[in-house]
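Quick notes on the structure that follows.
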Amino acid sequence: MNKGLEGIVAASTAISRIDGINGRLYYQGLNIDDLAAHSTFEETTYLLWHGSLPTTEQLTAFTKTFIENRQLPYEILTLMMSMPKKTPPMEVLRTAVSALSTYDPDDLDNSVEANVNKSLRLTASMATIIAAWERIRNNQWPILPRTDLSHAANFLYMMTGKDPDPTAAKILDTCLILHADHGLNASTFVARCTASSLSDLHSAITAAIGSLKGPLHGGANEQVMRMLLEIGTTENAEKAVRAMLDAKQKIMGFGHRVYKADDPRAAWLQRLSHDLAMTVGPKQWYEISEIIRHVVQESKPLPVNVDFYSASVYYALGIPIDQFTPIFALSRVSGWTAHVLEQYSDNRIIRPESEYVGPENVSYVPLAQRG
Ligand code: COA
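Taking my numbering, the leading residue of the sequence shown gets 1136, the next gets one more, and so forth.
Structure (structure tokens):
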């Protein structure tokens, strides 16, 4: 038995490849470093869905359709407005995505074409859900998406109602590229399992959101920021981390099932965190992060993962902590949908076995005789 399915190959995929020994990540054969340096989230999404980078004409047409699908049905906004304001954003996202299927014109159609359209609508409109909830829970009206902004810039605009700073939009766009896909991680596996019963795409993405939410997966970025805030100062950092390690606590943002070297996405996020600390400030979250990393890696050979520096990056961008994981989902939906499309294209139900360790041959005792 391989606890946690460690080392088990459960799917063939052409979407992304992790080289865990050397700390590299590829989307459809392209190195993530090249994509982060030169691409956009829209172009990366096209790559994940279609297998190669788009031509200018293809990207123009794709972006136009993407933008046309940003708006939410009014009924979804009404549903969100009916939810308690204290509802965590990941729960709102999970519920709204599930409800969206009812309003999708291709609901009940599981053809390839319908699923490509659903993927596009979902990926485009999840940004609107996340931003709208930020407004709704703060007693503000949701803001309609704009048609002249990139996905990242429009998201920041819908969150704040202000023209987004181009540097902030570029940083968020890079974060979205970096988080878009990552092999058979827990949420992607969940999405593929759900799709493998030939359930619908919205069900697969709803299930994936539920999986991403956990602190051992996408929820770790929120926990990293809470740890940084709790530590508070650079002076406290070393002692606090040593105490956590001595208490055998897991340090969020470290460790990975596949990487033995540092996660290549963390290098990008570290740079972004550093640059934001030096330009926008305050410097302390980056500086505390550096101390934590030094102390952790000095005592254990744990790779730093994607969630560690994304926390201080999102915080510096002014994003509320409980919106960090929804932003992960905002990006990862492109990968999830790519995997669901791939699963449908060569499907066999995913049905592993379990090792039974319970009691055997137990006799049934009638209720009245049980003491
Ligand atoms: N802090 C301290 N120790 C850690 C650790 C961390 N973040 N991550 C793993 N370890 C240790 C474990 O305690 C275990 O030690 P042991 O062999 O002495 O018992 C060993 O490393 C293996 O860890 P394990 O939890 O079995 O690895 P996994 O492959 O099952 O889990 C993660 C991978 C990512 C879930 C795990 O590393 C973790 O919980 N990290 C923190 C959460 C996080 O950042 N998640 C985001 C992932 S992108």
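Where a beta carbon is used, it is the ideal one built from N, C-alpha and C, also for glycine.
Could you spell out where the beta strand (DSSP E) holding SER1151 opens and where it closes? First-last of the beta strand (DSSP E) with SER1151: 1151-1154.
Looking only at C-alpha atoms, which of ASP1241, ARG1272, LEU1228 and ASN1274 sits nearest to ALA1262? For ALA1262, the closest alpha carbon among the candidates ASP1241, ARG1272, LEU1228 and ASN1274 is that of LEU1228.
When you measure from the CB of LEU1404 to every non-hydrogen atom of the ligand COA, does any distance come out below 7 Å? The nearest non-hydrogen atom of the ligand COA is 7 Å or more from the C-beta of LEU1404.
One question on the structure: do LEU1207 and ALA1267 come within less than 8 Å of each other, judged by their Cβ atoms? yes
Among GLN1432, TRP1276 and ASN1482, which has the Cα closest to the Cα of LEU1212? TRP1276
Restricting to runs no shorter than 4 residues, where is the alpha helix (DSSP H) found entirely within the region 1284-1357? Counting whole runs of 4 or more residues, the region 1284-1357 contains the alpha helix (DSSP H) stretches 1286-1295, 1301-1314, 1321-1331 and 1336-1347.
Please state whether DSSP places VAL1359 in a helix, a strand or coil. helix
According to DSSP, is ARG1400 helix, strand or coil? In this structure, ARG1400 counts as helix in the three-state DSSP scheme.
Would you check if there are 3 or more beta carbon pairs closer than 8 Å linking the region 1404-1423 to the region 1379-1388? no
ALA1343 and LEU1311: beta carbons closer than 8 Å? No, they are not a contact pair.
Starting from ARG1159 and walking both ways along the beta strand (DSSP E), at which residues does that stretch end? 1159-1162
How would you write the range of the alpha helix (DSSP H) that LYS1199 sits in, first residue to last? 1191-1203
With C-beta atoms as the reference, is SER1285 less than 8 Å away from GLU1178? no
Roughly how many angstroms separate the alpha carbons of ASN1245 and ALA1330, rounded to a whole number? 10 Å
Buried or exposed (CB count within 10 angstroms, at least 16 for buried), PRO1240: exposed
One or two residues paired with ASN1166 in a DSSP bridge: TYR1161, per the DSSP bridge assignment.
Roughly how many whole angstroms lie between the Cα atoms of LEU1194 and ASN1252? 16 Å
Helix or strand or just coil, what does DSSP make of VAL1439? strand
Decide if PRO1224 is buried, meaning its Cβ has at least 16 other Cβ atoms within 10 Å, or exposed. buried
Sequence-distant residues of the same chain with beta carbon closer than 6 Å to PRO1299, five excluded per side: ALA1288, LEU1291 and TYR1292
I'd like the list of long-range same chain contacts for SER1408, defined as Cβ closer than 6 Å, with 5 residues on each side in sequence excluded. TYR1421, TYR1444, SER1447 and VAL1448
What's the gap between the Cα of ASN1440 and the Cα of TYR1394? Looking at the two C-alpha atoms, the distance is approximately 8 Å.
Looking only at C-alpha atoms, which of ALA1401, PRO1436 and ARG1205 sits nearest to SER1424? Taking each of ALA1401, PRO1436 and ARG1205 in turn and checking the Cα distance to SER1424, the smallest one comes out for ALA1401.
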